[in-house]
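These notes concern the structure reproduced below.
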Amino acid sequence: MTADAGASSLGASAASDVRTVRLASAVDFAGFRRACRALWAEQIAPERVVWQCADDIEGDLFETPGDDDATSASSPPPVHVPPAFLPLAESAILHRDPERFGLLYRLLWRLQLEPALRGDTLDPDWLRADALSQDVRRDLHKMKAFVRFRPIAEPDGEGAIGAPLHIAWFEPEHHIVEAVAPFFARRFTAMRWAILTPERSIRWDGAALAFGPGARRDEAPPADAGEQLWLTYYRSIFNPARLKLRTLAREMPKRYWKNLPEAELIEPLASSADERSMTMIARGPTDPKRRPATEPQPTPGHPVTPGGERPRSLTALNAALQSCRECPIGEHATQAVGGEGSRQARLMLVGEQPGDQEDLQGRPFVGPAGQLLARALEELAIPRREVYITNAVKHFKFELRGKRRIHKTPAQQEAAACLHWLEREIELVDPGALVALGATAARQLMGTTISVLRERGRWLVRSDGRRVLITLHPSALLRVEPEDKAAAYAAWLKDLRHAAEHFSASGASE
Amino acid sequence: MIVGADATSDATILATSAALYGAYRLRRVYYSAFSPIPDAARALPLKAPPLVREHRLYQADWLMRFYGFAQEEIVAPGGMLALDVDPKLAWALAHRERFPIDLNRAPKELLLRVPGLGTRAVARIVAARRVRKLRFADLERLHIPLVKAIAFVEVADHRPGKSLAASDLARRLAAAVHPTPSQASLFDFAAGEPQGALSSSP
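Listed below in structure tokens is the structure:
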């Protein structure tokens, strides 16, 4: 019988009068609610209703009862359900079980007629609806966990190659694609992505979700290089001591494995886990790996290098620097930073110590102060590669503040321990003159504390006869008040001009 | 808390947790079985403690937080939790005189002490028994480990009778709940039944 035939059949239909309700889709919750209200209004008992989805059948044989035909002369009481029923029905309706509509309508029907059913949590219909809802929620959860995207380069609407499109293939167990889509839109808002499933596909273009028909597995892109990275990561974080096979099988059921790239690693990793643990036990305890600490203390006048001998070249010197632990700074720095520049430089610039950037890159004067120095050298027409730039102390000394490493001035002892490296650099490069940038460099080069502010812009003479120009460290300029910056820089440039004169004069004499 | 790197007993660990929950209003304590790594300190063990110990500690922790158990009830001072039975079943076996519990009449606090009944099952029972008299068939629909629970409860058409006092109850239950009493080793795994679950997919 069709819906219009039943309009006048309130309470009078024969038992054989079966009503067929056809929903727009498997997840048409609004249509289901409408149909339920209409069926209740006509007092059609659940046994007399057959539920169908447009997805399941071909042809248009039946009408869905709408709101309009829901009214009848003697209107039955309005539908009342407990608050928990609606969310339960909303998720249970996504289940694959074709009986779900009938079950939920029967529950609704019985809730109207049997008040005690509200509290009867052990009723089979309640329990079944709960179980359906739980299956759906579990499937939603698994989809959130097991979707794996693969990027492809795809031109956007204007034909330009923009951000890659991430495509994933997933086979959900229930009709959850529409329900889970908002989660992915929130989680990957900035990405363009598409999720293909056998029943439906979703696409997110950065602004709106679009749903399309189902797809085939081979429409999703194959494995790419990024996947190798993921597999390497998965292999590396695997902890043989924490392998729980039963939990693994329960939380990552095998039917998901065929679409999970890492699944192929599980078996080899699992089968080697015990062996790895056993090998470790058989090998016995070992000492923790630490960087070798070198003990020698420098004695004044007899600098000791870790290698024993004094390095014969700048390359050897820079290599030997790396293992220097003559003061505590070296233990915490990323690396030692040696000098850089021409091996026959006529001018050597000596700074204080590497900073954060220098420590990471392993080159002197590449941070903000380095950029200021580069600018000054350029203005003075001194090519950076024709001078030698180094530091008085070779390791970065810092203090951790949160995640930032704040520069700390090296102590006098630490500078003294580093002195032999600088002296050897001076011997090897043999520059005609040096520039001491800042107080630490000045003290290191002159062997005594120098007042930089009093002596700046003047040439002093070292005990070995080399001339040393004293001036500020460029980082001092970074710290002056903004309005004074230009003047401070001009004064500093004026100091350095003396060095430029030496540079060009000695260059002309050669 | 990292478990199994030293000789600390489960009783000490749970007492610490109880103090953290009680005195410091901590919301949650986590337990993690120690995993050895190569080239660690010599004082650390090379063999991992059984992972099931971590699981038992979590079960005991839940008993303290949601089931009204006191820490001293779960484990004797200086003692360890049994690895073959869960702490609630162990407690019930040691206190058989308090059972069977009538699911149709007993207060919620006692229902929570029945092995196999979780907080959700108890809430369901309490709600359902207002409108119906619980029968064995109702329990079957509850999705609970019936083997464990049925030995300790009575409903309209079921009484455990003498089986509760039987001396082999502990052994029978342990065997029913965990077919292999110790934690499954990987060698068992490679040779035995769960292999199907791991062979690679086509």
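Here the protein sequences line up with chains F and A, keeping their order.
Number 341 in our numbering belongs to position 347 of the first sequence; there are no gaps in the numbering.
Number 274 in our numbering belongs to position 186 of the second sequence; there are no gaps in the numbering.
Glycine residues also receive a C-beta, built at the ideal position from the N, C-alpha and C atoms.
For residue i, the residue or residues it bridges with in DSSP
i: residue 459 of chain F; result: Beta-bridge pairing links residue 459 of chain F to no other residue.
i: residue 46 of chain F; result: F:16
i: residue 243 of chain A; result: A:246
i: residue 495 of chain F; result: Beta-bridge pairing links residue 495 of chain F to no other residue.
i: residue 205 of chain F; result: F:196
i: residue 430 of chain F; result: F:344 and F:464
i: residue 178 of chain F; result: None, per the DSSP bridge assignment.
i: residue 382 of chain F; result: F:335 and F:342
i: residue 190 of chain A; result: A:242
Within chain A, the residues that residue i reaches when beta carbons sit closer than 7 Å
i: residue 72 of chain F; result: By Cβ distance, chain A contributes nothing, its closest Cβ being about 23 Å from residue 72 of chain F, past 7 Å.
i: residue 444 of chain F; result: Residues of chain A passing the Cβ test: none, with the nearest at roughly 48 Å.
i: residue 275 of chain F; result: 134 and 135
i: residue 279 of chain F; result: 130 and 134
i: residue 305 of chain F; result: The premise fails here: residue 305 of chain F is roughly 32 Å from chain A at the closest Cβ pair, so nothing lies under 7 Å.
i: residue 282 of chain F; result: 127, 128 and 129
8 Å contact criterion, which residue i and residue j should meet: CB distance rounded
i: residue 74 of chain F; j: residue 168 of chain F; result: Contact flag wrong, Cβ pair sits at about 28 Å.
i: residue 241 of chain A; j: residue 189 of chain A; result: 5 Å
i: residue 225 of chain F; j: residue 245 of chain F; result: Not really, about 20 Å apart at Cβ, beyond 8 Å.
i: residue 83 of chain F; j: residue 105 of chain F; result: 11 Å between Cβ atoms; not a contact.
i: residue 141 of chain F; j: residue 162 of chain F; result: 5 Å
i: residue 165 of chain A; j: residue 147 of chain A; result: Not really, about 19 Å apart at Cβ, beyond 8 Å.
i: residue 468 of chain F; j: residue 367 of chain F; result: 5 Å
i: residue 427 of chain F; j: residue 461 of chain F; result: 5 Å
i: residue 237 of chain F; j: residue 363 of chain F; result: Wrong, their Cβ atoms sit about 51 Å apart, outside the cutoff.
i: residue 352 of chain F; j: residue 360 of chain F; result: 6 Å
i: residue 383 of chain F; j: residue 358 of chain F; result: 5 Å
Nearest residue (CA-CA) to residue i, options the options
i: residue 411 of chain F; options: F:321, F:110 and F:482; result: F:321
i: residue 340 of chain F; options: F:141, F:368 and F:376; result: F:376
i: residue 11 of chain F; options: F:39, F:108 and F:464; result: F:39
i: residue 515 of chain F; options: F:71, F:95, F:27 and F:76; result: Lying before the first or after the last residue shown, residue 515 of chain F is absent from chain F, which here runs from -5 to 504.
i: residue 151 of chain A; options: A:182, A:134, A:206 and A:137; result: A:206
i: residue 207 of chain F; options: F:217, F:489, F:219 and F:190; result: F:190
i: residue 220 of chain A; options: F:248, F:117 and F:123; result: F:117
i: residue 253 of chain F; options: F:417, F:30, F:452 and F:165; result: F:165
i: residue 156 of chain A; options: A:99, A:179, A:256 and A:212; result: A:179
i: residue 497 of chain F; options: F:425, F:112, F:448 and F:431; result: F:425
i: residue 195 of chain F; options: F:213, F:417, F:31 and F:18; result: F:213
i: residue 312 of chain F; options: F:490, F:332 and F:324; result: F:332
i: residue 131 of chain F; options: F:103, F:86, F:342 and F:146; result: F:86
i: residue 307 of chain F; options: F:13, F:338, F:437 and F:438; result: F:338
i: residue 439 of chain F; options: F:451, F:448, F:481 and F:456; result: F:456
i: residue 109 of chain A; options: A:167, A:232, A:159 and A:172; result: A:159
Residue i classed as buried or exposed, judged by whether at least 16 other C-beta atoms fall within 10 angstroms
i: residue 154 of chain A; result: exposed
i: residue 261 of chain A; result: buried
i: residue 402 of chain F; result: exposed
i: residue 67 of chain F; result: Bear in mind that a pLDDT of 48 at residue 67 of chain F, under 50, signals an unreliable position, so the model cannot answer this.
i: residue 136 of chain A; result: buried
i: residue 429 of chain F; result: buried
i: residue 135 of chain F; result: exposed
i: residue 420 of chain F; result: buried
i: residue 434 of chain F; result: buried
i: residue 388 of chain F; result: buried
i: residue 326 of chain F; result: exposed
i: residue 62 of chain F; result: Model confidence at residue 62 of chain F stands at a pLDDT of 44, short of 50, so the residue's coordinates are unreliable; what they give is reported in the following sentence. Counting Cβ neighbours within 10 Å, residue 62 of chain F comes out exposed, since fewer than 16 surround it.
i: residue 291 of chain A; result: Since the first and last residues shown for chain A are 89 and 290, residue 291 of chain A lies out of range.
i: residue 385 of chain F; result: buried
i: residue 183 of chain A; result: exposed
i: residue 78 of chain F; result: exposed
i: residue 167 of chain A; result: exposed
i: residue 330 of chain F; result: buried
Chain-ordered neighbours of residue i on chain A, where CB pairs are closer than 9 Å
i: residue 121 of chain F; result: 212, 229, 230 and 231
i: residue 481 of chain F; result: None at all; the shortest Cβ gap to chain A is about 57 Å.
Residue i: contacting residues in chain F (beta-carbon distance under 9 Å)
i: residue 123 of chain A; result: 233, 234, 235 and 236
i: residue 218 of chain A; result: 110, 113 and 114
i: residue 151 of chain A; result: Ordered by position in chain F, no residue passes the 9 Å Cβ test against residue 151 of chain A, which lies about 21 Å from the chain.
i: residue 108 of chain A; result: Those within 9 Å of residue 108 of chain A in chain F number zero; the least Cβ separation is about 24 Å.
Per-residue contacts from residue i into chain F (C-beta, under 8 Å)
i: residue 226 of chain A; result: 116
i: residue 215 of chain A; result: 113, 114 and 115
i: residue 198 of chain A; result: Residues of chain F passing the Cβ test: none, with the nearest at roughly 19 Å.
Contact set between residue i and chain F, taken where Cβ atoms lie within less than 7 Å
i: residue 136 of chain A; result: 235 and 271
i: residue 169 of chain A; result: Those do not exist, as residue 169 of chain A stays about 18 Å from chain F at its closest Cβ, beyond 7 Å.
Listed by chain order, chain A residues near residue i by CB distance under 8 Å
i: residue 91 of chain F; result: Those do not exist, as residue 91 of chain F stays about 17 Å from chain A at its closest Cβ, beyond 8 Å.
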